[in-house]
Structure formats: structure tokens, C-alpha cells
Amino acid sequence: MTLFKNKKMMKIIKIILISIIICSCNQTFDKKNKGKYYSAQVFTEKNATFLTKLKTNQTPELDVLKFVKLSNSLLTQIQGKPIKLTYKIDAIKAKNTSKISFYHPLFISSSNSIKRYSFNPGKDNNALQIWLLEAKYKDSISTNKVFKELHFQSGRIQSKIDHYPGLTYTNDYVIRSNNKIYWLNSGCAISFSNHQKLKKIMLQSLQIDKIQDSIWCKCGQPECSL
2 MTLFKNKKMM
12 KIIKIILISI
22 IICSCNQTFD
32 KKNKGKYYSA
42 QVFTEKNATF
52 LTKLKTNQTP
62 ELDVLKFVKL
72 SNSLLTQIQG
82 KPIKLTYKID
92 AIKAKNTSKI
102 SFYHPLFISS
112 SNSIKRYSFN
122 PGKDNNALQI
132 WLLEAKYKDS
142 ISTNKVFKEL
152 HFQSGRIQSK
162 IDHYPGLTYT
172 NDYVIRSNNK
182 IYWLNSGCAI
192 SFSNHQKLKK
202 IMLQSLQIDK
212 IQDSIWCKCG
222 QPECSL
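If you count by the working numbering, then the sequence shown holds residues 2 to 227, one letter each, in order.
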């Protein structure tokens with residue numbers, strides 16, 4: 002009877018030890034991976050659903066929740082009816098970008114990443130879509146090179162080299178901040194004055210120290226301005 006009790010006691014002790022080891026391993030894994038992932042979300046009236054996960058070692062500089070909330074308010078005011086943006090985040094790669102693409106100038110210097118935020122107001126309001134690009138470069142020299150090319154393209158009339166008047170022939174606002182370039186785009190259904198309001202919303206939603214340069218492009222205008 003004593004032997005049976007000892008075996009039973011040893012079994013209990015083993016189970017406890019195994020549980021402690023598993024718990025310890027899980028805590029170590031969580032500490033190592035904390036902050037390396039954040040989620041892109043789509044917002045509906047009732048809840049938020051995870052779309053995808055992007056690996057990153059830094060906190061994203063764009064406060065997407067804030068941008069969505071403020072943009073919803075602006076678009077609702079413009080349309081005179083409730084607008085609820087959904088969004089997704091993906092990456093743009095050089096190999097998938099042709100020389101006639103809007104994005105081509107962003108790849109004349111190697112970029113660590115070009116992140117694209119696509120904001121969708123719903124199928125009945127497609128003309129109100131908004132895009133925001135975030136391009137990160139290795140140093141200020143690379144960033145300046147890209148921004149100068151964007152500036153060059155923005156001031157050219159359509160030609161064999163430059164396939165679009167302005168940058169996109171729609172509304173654009175591009176800024177250079179340290180080693181990053183941010184590019185806000187909206188369609189012609191959004192007036193230039195309202196695009197300027199979106200610009201303010203973008204700056205309120207970004208955690209940036211300063212802006213070194215900027216480019217403004219108005220829908221239908223063949224040349225942009227600094």
C-alpha cells in the first residue's frame with residue numbers, strides 16, 4: 002500500500018513539473034515575439050475582423066484607427082450620409098511594378114519596404130477610395146534621390162517618358178520625413194479642398210518629427226507644386 006502511494010505521489014510530482022516547464026517555455030516565446038506582429042483590420046458596424054498580419058520590428062507610425070475615424074467623419078460630411086471605411090495593408094514590390102506605374106519612381110533607390118494602406122468606403126462609394134503609401138529607405142541620400150525623381154515627374158507634362166500628367170492626374174500629397182516618404186492619394190470625386198483636409202488628418206495620424214519636403218498635386222492639373 003505504501004509503495005502504491007509513493008508511485009502515485011511521484012506521478013503527481015512529474016505532472017506538476019511538466020506543467021511548470023511548458024508554462025515557462027510559453028512565457029519565453031511570448032517575450033521573444035512581443036511587438037513583432039501587428040494586425041491589419043477591417044472595420045464593420047459591429048466588430049473588427051483580422052485580415053492579415055505584417056511582420057515588423059517597429060510600432061507602425063500611422064495610427065490607422067485615428068485616420069479611419071477622422072476620415073469617416075469627413076467623408077460622411079461630404080456625402081451627406083454615413084460612410085464607414087474598411088481597410089487593408091499590403092506591400093508593393095519592385096518586380097511587380099512596371100516602368101509606367103505610378104509607383105515606379107519609388108523604386109529607383111532600394112527600399113526596405115513600401116507599405117500600402119487601401120481605404121475602401123464600400124461598393125456604392127468607390128469614387129471615394131483613399132490610398133496611403135509609406136516607403137522606407139536605408140538613408141537620407143536614397144530618400145532624397147527618390148523624392149527628386151517624384152518632383153521631376155510631377156512637373157512634367159505627359160510624354161513618352163512620363164505617362165501621366167502630374168503624378169497620377171488625381172489628388173496627391175507627398176512628403177519626405179527623414180528616411181521615409183508618405184504619399185496620400187484620392188480620386189477626383191474628392192475636391193482638392195477636401196483632399197487638403199485629408200492631408201491634415203494624415204499628419205494628425207502620423208508620428209513624425211518633421212517634414213523636409215512636400216509635393217501637392219490637384220486632380221486634372223498637369224503640373225504639381227511644392
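Even for Gly, the Cβ is constructed at its ideal location relative to N, Cα and C. The model shown is predicted, which means the values in this text are computed figures rather than measured ones.
To the nearest angstrom, report how far apart residue i and residue j are at their CA atoms.
| i | j | result |
| --- | --- | --- |
| K211 | K116 | 20 Å |
| I142 | D214 | 14 Å |
| H196 | F108 | 25 Å |
| S72 | N127 | 15 Å |
| N179 | L76 | 30 Å |
| P223 | Y118 | 25 Å |
| Y88 | A190 | 19 Å |
| P106 | Y170 | 16 Å |
| T144 | K137 | 8 Å |
| G156 | D91 | 29 Å |
| V65 | P166 | 30 Å |
| I79 | W184 | 22 Å |
| L151 | L168 | 8 Å |
| N186 | D140 | 25 Å |
| S114 | N121 | 22 Å |
| M203 | F153 | 24 Å |
| P83 | F68 | 16 Å |
| L129 | S74 | 13 Å |
| K205 | L86 | A quick correction: the sequence has Gln, not Lys, at residue 205. Using only the alpha carbons, I get a separation of about 18 Å. |
| E135 | Y174 | 12 Å |
| K70 | K201 | 13 Å |
What does a CB cutoff of less than 6 Å around residue i pick up in its chain, not counting 5 residues either side in sequence?
| i | result |
| --- | --- |
| Q208 | E62 |
| L133 | Y118, L185 |
| F103 | T169 |
| G188 | A128, T171 |
| D125 | none |
| Q59 | Any reading at Q59 is ruled out, since the residue's pLDDT is 44, under 50, leaving its predicted position unreliable. |
Give every residue of the same chain whose Cβ lies closer than 7 Å to the Cβ of residue i, excluding the five residues on either side of it in the sequence, and list them in chain order.
| i | result |
| --- | --- |
| S226 | W217 |
| F148 | R177, I182, D214 |
| S110 | Y138, S143, K146, V147 |
Note down, in chain order, each residue of its chain lying with its Cβ closer than 8 Å to the Cβ of residue i, except the 5 sequence neighbours on either side.
| i | result |
| --- | --- |
| F193 | N172, K219, C220 |
| G123 | I84, K85, T87 |
Would you grab the beta carbon distance between residue i and residue j for me? Rounded to a whole angstrom, and I think it's under 8 Å.
| i | j | result |
| --- | --- | --- |
| I131 | L199 | 7 Å |
Taking only heavy atoms of the ligand ADP into account, decide whether any of them is closer than 7 Å to the Cβ of residue i.
| i | result |
| --- | --- |
| C189 | In the structure shown, the ligand ADP is absent, as is every other ligand, since no ligand is present at all. |
Which whole runs of the alpha helix (DSSP H) in the region 102 to 179 are 4 residues long or more, in chain order? 141 to 155, all fully within the region 102 to 179.
Just to confirm the assignment: which complete alpha helix (DSSP H) runs, minimum length 4, are found wholly within the region 187 to 211? 193 to 206
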